[in-house]
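Colleague: Residue numbers (my numbering): 34 to 599.
Note that CB positions come from ideal geometry on N, CA and C, so glycine has one too.
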């Protein structure tokens, strides 16, 4: 990987540039690069090889234009905005070439528990793994203690010195590492709002949101924290041990007890602190999937994470009963292992990670505390911190169990539900609440669109159908791969769908037009058919998944134990 950059590498990256991409400080647009012929690309390749051999890049490649994007909440609060960095397009092509080389080195070393920013994986993989483990545990009366964590300003606070050490540890060679460092040696940024620009200011920590290299470096950084925080018993499922699920920085920790989950959380928090990151306690919660109610009080620092009955992970609602109903209703309407982790069909699972979204899992509160303690210690060692305000604990158990976890003196609140990767999980492992939330979310969108555009006569039917397909359907069906299509669920989805389509067609129930006629007139297939086809496609994806992939393993696994009566 220390060989010069080839013209084929550059040509392939330039070909994949999006024509509508925003330019950086140098105002070079994607179309300029895409219009280059063989001679132009050869000159560009020469420029990149000069940067590669000298270990230095033009100043414009190190200058970012930060554009604040509003997320939610009070418009006057700066923390409610996410800063997207617009970088030089020639510099982004260079960083993408480097990214491909880095990924070829580290991809095989990153654990299966990390699912963020990886080829062949996505939020559905991680959501399915968590949902399957929760459903199986509830069915066979096996308690699971979970800690959902969020790291404080994860992308923005990654210590670069620790990051360089991590890349070297994973086998990135000196030439490639020097080339990556050159993009950050004298990095500067300015903020652009409504056409106005601030003065340049130095940026000495964190990653650029918008740089091609940032995702793979970040998940490598998170993988190091997760590895070093092991040592508690995790969850075993079909012979596979799972202690965490990660999707970028969305983390779920899993353990078979509150104690194990606290250990897992402690180690994860320590690793985050060591890496210069913090767990956001205000966004972290715990949930216990158990047939009896079990308390789970986890602590990060000195804060207690709330225990909830349901939690939204990757946009999907998970409950402490392990059911999917709530999620379907919601769609229509709106270093930590070594303790006892969760065992599922022989697979032991102590964590699930999606970038920096972490879930720690253990079979008891004590194991979860051990897991959390080690994870927190590894975070601290890496210069990161667990955000106790965004972290919570949850216990899935058929009886109510308390789970009080601590991170740095702070007790994490125990909750009955938690939203992970946009999906609500509850302490009963049921999907009902998430389905209710989806129904509510879609229903809330409908009146707003009706007031502004959907029922306006001057808007073409094609435009109204575009709104239906691009806004309404994605809100309603997010995470539908996890849904159990009961008769009630099918009826509710169909009712919600037709309510919107009647507005698109300018009709009401009083017009007494059959649903099939409305769909035929609009040229829209039934949403239920689309959902079922997508679920079959996901099923085929699971069946074809190669050995070692976590979703495929938990799909084929059967939990140990016996089903309780009833």
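(1) If you measure between the beta carbons of residue 450 and residue 460, is that distance less than 8 Å?
(2) Measuring straight from C-alpha to C-alpha, what distance separates residue 311 and residue 429?
(3) At 3 residues or longer, and completely inside the stretch 487-552: list those beta strand (DSSP E) runs for me, N to C.
(4) Give every residue of the same chain whose Cβ lies closer than 6 Å to the Cβ of residue 127, excluding the five residues on either side of it in the sequence, and list them in chain order.
(5) Where does the unbroken alpha helix (DSSP H) through residue 126 begin, and where does it stop?
(6) Who pairs with residue 329 in a beta bridge, going by DSSP?
(7) What does DSSP give as the partner residues of residue 222 in its beta bridges?
(8) Where residue 546 and residue 539 are concerned, what is the direct C-alpha to C-alpha distance, given to the nearest angstrom?
(9) Whose CA, out of 348, 84, 405 and 234, lies closest to the CA of residue 314?
(10) How would you label residue 53, buried or exposed, when you count the other beta carbons within 10 angstroms and need 16 or more for buried?
(11) So the candidates are 143, 85 and 563; which of them puts its Cα closest to the Cα of residue 208?
(12) Starting from the N-terminal side, write out each stretch of the alpha helix (DSSP H) that is 4 residues or longer and does not extend beyond the stretch 353-431.
(13) Under a three-way DSSP split, which group does residue 461 fall into?
(14) Here's a check: name, in chain order, each residue in its chain whose Cβ is nearer than 7 Å to the Cβ of residue 452, leaving out the five neighbours to either side.
(15) Quick one: using the 10 Å Cβ neighbour count with 16 as the cut-off for buried, is residue 587 buried or exposed?
(16) Give me the Cα-Cα distance between residue 383 and residue 569, rounded to the nearest whole angstrom.
(17) Assuming residue 178 is part of the beta strand (DSSP E), what are its boundary residues?
(18) Throw me the rounded Cβ distance for the residue 402 and residue 439 pair, which I believe falls under 8 Å.
(19) Look up residue 290 in the DSSP assignment and say whether it is helix, strand or coil.
(20) For residue 242, name the three-state secondary structure that DSSP assigns.
(21) Give the single residue among 317, 357 and 356 whose Cα lies nearest to the Cα of residue 341.
(22) Use the C-beta contact count for residue 145: other C-beta atoms within 10 angstroms, 16 or more gives buried, fewer gives exposed.
(23) Would you say residue 592 and residue 254 are within 8 Å of each other, going by their C-beta atoms?
(24) Using the three-state DSSP reduction, which class does residue 41 fall into: helix, strand or coil?
(25) List the whole-angstrom C-beta distance separating residue 319 from residue 427, where the pair is believed to meet the contact cut-off of C-beta under 8 Å.
(26) I'd like the list of long-range same chain contacts for residue 136, defined as Cβ closer than 6 Å, with 5 residues on each side in sequence excluded.
(27) Taking only three categories from DSSP, how would you classify residue 281?
(28) Which of the three DSSP states is assigned to residue 595 in this structure?
(29) Can you grab the Cα-Cα spacing for the pair residue 87 / residue 302, in whole Å?
(30) Compute the beta-carbon to beta-carbon distance between residue 339 and residue 425, rounded to the nearest angstrom, for a pair I have assumed lies under 8 Å.
(31) With DSSP as the reference, label residue 48 as helix, strand or coil.
(32) Measuring only the C-alpha atoms, how far is residue 597 from residue 172?
(33) Since residue 395 and residue 297 are thought to touch, with beta carbons under 8 Å apart, how far apart are those beta carbons, to the nearest angstrom?
Modeller: Working from what's here:
(1) yes
(2) 26 Å
(3) none
(4) 81
(5) 122-139
(6) 436
(7) 97 and 234
(8) 11 Å
(9) 405
(10) exposed
(11) 85
(12) 358-365 and 398-413
(13) coil
(14) 344, 345, 346 and 350
(15) buried
(16) 29 Å
(17) 177-182
(18) 7 Å
(19) strand
(20) coil
(21) 317
(22) buried
(23) no
(24) helix
(25) 4 Å
(26) 249
(27) strand
(28) coil
(29) 39 Å
(30) 5 Å
(31) helix
(32) 8 Å
(33) 6 Å
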